[in-house]
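**Student:** Which chain is which? The protein sequence lines are A and B, in order. Numbering follows our numbering, with no gaps: position 230 of the first sequence is 420. Numbering follows our numbering, with no gaps: position 158 of the second sequence is 199.
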Amino acid sequence: MTAAIMSEPPAAPRRRARPGRTLVLNVTAVIAGLAVWTGLSVSGIQGLTGPIEVVGRAAELVADGTLPTDILASLRRVFTGFVLGTALAVPVGFLMGWYATARALIEPYVQFFRTIPPLAIIPLAILLMGIGETPKVFVIFLAAFLSSVVSTFQGVLDVDRTLINAARVLGASDRTIFLKVVVPASTPFIIVGMRIGLGAAWGTLVAAELIAAQEGLGYRMQQAQLYYDLPTIFVGLISIGVLGLAMDRLLLLAERRLTGWQERR
Amino acid sequence: MNAKISFQGVSKSFPLKSGDFLALDRVDLDIADREFVTVVGPSGCGKSTLMSMAAGLEEPGTGQILLDGAPVSGPGPDRGVIFQQYALFPWLSVRKNVEFGLRLQPISAEERRRRAQHAIDLVGLTDFADALPKTLSGGMKQRCAIARAYAVGPQVLLMDEPFGALDALTRVQLQDQLLDTWSRERRTVMFITHDVDEAVYLANRVVVMAARPGRVHRVIEVDLPYPRTEEVRLSPEFARIRNEVWHSVYHQAPAA
Ligand SMILES: Nc1ncnc2c1ncn2[C@@H]1O[C@H](COP(=O)(O)OP(=O)(O)OP(=O)(O)O)[C@@H](O)[C@H]1O
Ligand SMILES: [Mg+2]
């Protein structure tokens, strides 16, 4: 009995797996997923294409330049909307967190627009902005802004009062306190907000590309839907997934670098 | 009459839903230049509030607080404050934390580095100067906070239960270290604590406060020689003063 308890591995190391082992498990899971997918398509589920066909279609789309053009177009929209959205969200979030007046003025709008799905904004955006790039980028911008502003603002509100007092008793001015205490202390929240904003930006992309687009992953998938072209739809889906994941990992990397000082993760 | 800090008829109330709550009632207290005063009293009797006002983080309701004869208006680097919760900037290394206040002063980078290093050496964190706070133990964090306050060279140190969260051994070490620096550099110290032994061991005078409303109950002279040693701690005189303080903290007559 005692021996059995003694030979139990301690709880803590079990939770933090070794990186190498994690990678092996990740890769195994992907391969297993592909195998199941192949199995399902071979066993004849109506219309389901297998990985081989999808890879073939991807190669075709790369060869005729469609896929790179689409990816570039979509990336440009997501990136522009995301950068503009979070670039505005950070100062607005700081303003709301720092000045009660600003908060009282801005918060109703933020909370109101947050409840409207970006898709529902599209008709309005088309009427007001035409059918060019502007409405598409705008809708993505709005989604990214709304989801990251709340997080930034919460981050500023949550800055530990004793840290602010510690800076004040050392002689810091309000400006110094803002730049040297509030900004670094809320960085973790800002980055979380950016990651949520990025997710929202990708989530809005396909909807944004409903607006009379000439290229883009979302547009391509809608075209494919008209022609019952399943492989192309898969290529689009996987591209969006891979790009979104890659950008999220980049932010995660930034987070690790910028907020490694945090006590617990 | 050369009080470094002088509380004159200081009252403070906080607005609550059920009306104003009187946290401090007409506190009169003079702390002499280079004096080491400890403040003890039941939880909630207004010790931290009193110190916050001396630090300039809060304003007295009525009465005034004088520093070198002039009313306190806001915080300043002439008063170093050490908070119970360490309050280190977690994104800065020990050295950067210590340099935080120095960067706000008109001194050269070289001077800044020299003074930071001196403060770090003083508290024995030389080998940890480039470590982040999350990698430090509680006692090391508190020593870093002390170094940060020392570095700017304040004439007054305001310490709010700085050793409260530490184990007994670390606490005694830090007490001796604090007394050691105090006897060399002779700053004025106002030191809040829950621990009667600590209050007597460190102080020239112990201020005993009472609660509801918060006020000064008694001021007890500690007529023991410095440097305080293990011998002093075990002396019958120490025991007598400790019992006196203990008694006035824990057997207070209820407020009239
Ligand atoms: N900002 C505030 N708003 C309302 N009440 C407050 C505020 N700050 C302090 N108080 C009240 O004033 C009283 C004194 O508080 P203070 O923190 O000074 O006590 P303390 O003696 O330091 O207690 P402790 O030993 O537990 O730290 C308490 O009853 C507390 O509830
Ligand atoms: Mg307190």
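Each residue gets a CB set at the ideal place from its N, CA and C atoms; glycine is no exception. Here the structure is a predicted model, which means the values were calculated and not measured.
Please return the same chain residues whose Cβ sits closer than 6 Å to the Cβ of residue 212 of chain B, not counting the five positions on each side in sequence.
**Tutor:** Answer for residue 212 of chain B: 204, listed in chain order.
**Student:** Is the CB of residue 369 of chain A under 9 Å away from at least one CB in chain B?
**Tutor:** Output row for residue 369 of chain A: interface = no.
**Student:** With a 10 Å radius around its C-beta and 16 neighbouring C-beta atoms as the bar for buried, classify residue 209 of chain A as buried or exposed.
**Tutor:** By the neighbour-count rule (16 or more Cβ atoms within 10 Å), residue 209 of chain A is not buried but exposed.
**Student:** Any idea if residue 301 of chain A is buried or exposed, counting beta-carbon neighbours within 10 angstroms, 16 or more meaning buried?
**Tutor:** Residue 301 of chain A comes out exposed.
**Student:** So, at 6 Å on beta carbons, what are the nonlocal neighbours of residue 285 of chain A in its own chain, with the 5 sequence-adjacent residues on each side left out?
**Tutor:** Result list for residue 285 of chain A: 292, in chain order.
**Student:** With three or more C-beta pairs closer than 8 Å as the rule, is the stretch 351-361 of chain A touching the stretch 128-142 of chain B?
**Tutor:** The answer is yes - the stretch 351-361 of chain A touches the stretch 128-142 of chain B, with three or more Cβ pairs under 8 Å.
**Student:** Please tell me whether residue 193 of chain B and residue 361 of chain A are closer than 9 Å, where the distance is taken between their beta carbons.
**Tutor:** Against a cut-off of 9 Å, the Cβ pair of residue 361 of chain A and residue 193 of chain B comes out as a contact.
**Student:** May I ask whether a heavy atom of ligand 1 can be found less than 8 Å away from the beta carbon of residue 86 of chain B?
**Tutor:** Yes, ligand 1 has a heavy atom inside 8 Å of this Cβ.
**Student:** If we cut at 9 Å on Cβ distances, does residue 129 of chain B have a partner in chain A?
**Tutor:** By this cut-off, residue 129 of chain B is an interface position.
**Student:** Taking Cβ positions only, does residue 232 of chain B come closer than 9 Å to chain A?
**Tutor:** No, residue 232 of chain B lies away from the interface with chain A (no Cβ there is under 9 Å from its Cβ).
**Student:** Can you tell me where the alpha helix (DSSP H) holding residue 174 of chain B begins and where it ends?
**Tutor:** That residue, residue 174 of chain B, is in no alpha helix (DSSP H); it is neither H nor E in DSSP.
**Student:** Examine ligand 2 and report whether any of its heavy atoms sits within less than 8 Å of the Cβ of residue 202 of chain B.
**Tutor:** Correct: residue 202 of chain B has its Cβ closer than 8 Å to ligand 2.
**Student:** Closest by CA to residue 278 of chain A, which one among A:249, A:232, A:331, A:320?
**Tutor:** Checking every option, the nearest Cα to that of residue 278 of chain A belongs to A:331.
**Student:** Which stretch, first to last residue, makes up the beta strand (DSSP E) that contains residue 233 of chain B?
**Tutor:** It spans 229-233 - the beta strand (DSSP E) in which residue 233 of chain B sits, taken as one unbroken run.
**Student:** Take the Cβ of residue 390 of chain A as the centre, count every other Cβ of all protein chains shown within 10 Å, and call the residue buried at 16 or more, exposed below.
**Tutor:** Buried, since its Cβ has 16 or more Cβ neighbours within 10 Å.
**Student:** Spatial neighbours of residue 269 of chain B within its chain, please: C-beta separation below 7 Å, excluding the five flanking residues on both sides.
**Tutor:** Within the same chain, residue 269 of chain B has close Cβ partners 220, 242.
**Student:** What are the uninterrupted segments assigned as beta strand (DSSP E) that are 3 or more residues long and contained completely in the stretch 99-176 of chain B, given in chain order?
**Tutor:** Here the runs fully enclosed are 103-108, 120-123.
**Student:** Do residue 275 of chain A and ligand 1 come close, with the Cβ less than 8 Å from some heavy atom?
**Tutor:** No, Cβ of residue 275 of chain A sits at least 8 Å from all heavy atoms of ligand 1.
**Student:** Strictly by DSSP, which residues pair up with residue 84 of chain B?
**Tutor:** Looking at the DSSP assignment, residue 84 of chain B forms no beta bridge with any residue, so it has no partner.
**Student:** Considering only the beta carbon of each residue, do residue 260 of chain A and residue 251 of chain A sit closer than 9 Å?
**Tutor:** The answer is yes: Cβ separation under 9 Å.
**Student:** Suppose the cutoff is 8 Å on Cβ atoms and the five residues either side in sequence are ignored; what does the same chain contact list for residue 104 of chain B look like?
**Tutor:** 48, 49, 50, 51, 52, 67, 68.
**Student:** Identify, in the order they occur along the chain, each residue of the same chain with its Cβ nearer than 7 Å to the Cβ of residue 109 of chain B, setting aside the five sequence neighbours on each side.
**Tutor:** Answer for residue 109 of chain B: 45, listed in chain order.
**Student:** Which same chain residues end up closer than 8 Å to residue 71 of chain B when comparing Cβ atoms and leaving out the 5 residues on each side of it in sequence?
**Tutor:** 44, 46, 47, 48.
**Student:** Determine, using beta carbons only, whether residue 60 of chain B and residue 255 of chain B come nearer to each other than 9 Å.
**Tutor:** No, the Cβ-Cβ distance between residue 60 of chain B and residue 255 of chain B is not below 9 Å.
**Student:** Could you list which residues in chain B have their beta carbon closer than 7 Å to that of residue 445 of chain A, in chain order?
**Tutor:** In chain order: nothing, as chain B lies at least about 13 Å away.
**Student:** Taking 9 Å as the cut-off, decide whether the C-beta atoms of residue 340 of chain A and residue 372 of chain A are in contact.
**Tutor:** It is not a contact, given that the beta carbons lie outside the stated cut-off.
**Student:** From the DSSP output, in three-state form, read off residue 56 of chain B for me.
**Tutor:** In the structure shown, residue 56 of chain B sits in a strand (DSSP, three-state: E or B).
**Student:** Sorry if obvious, but does the Cβ on residue 337 of chain A come closer than 8 Å to a heavy atom of ligand 2?
**Tutor:** Flag unset: Cβ of residue 337 of chain A not near ligand 2.
**Student:** Do you know how far the Cα of residue 378 of chain A is from the Cα of residue 289 of chain B?
**Tutor:** Whole-angstrom Cα-Cα distance: 48 Å.
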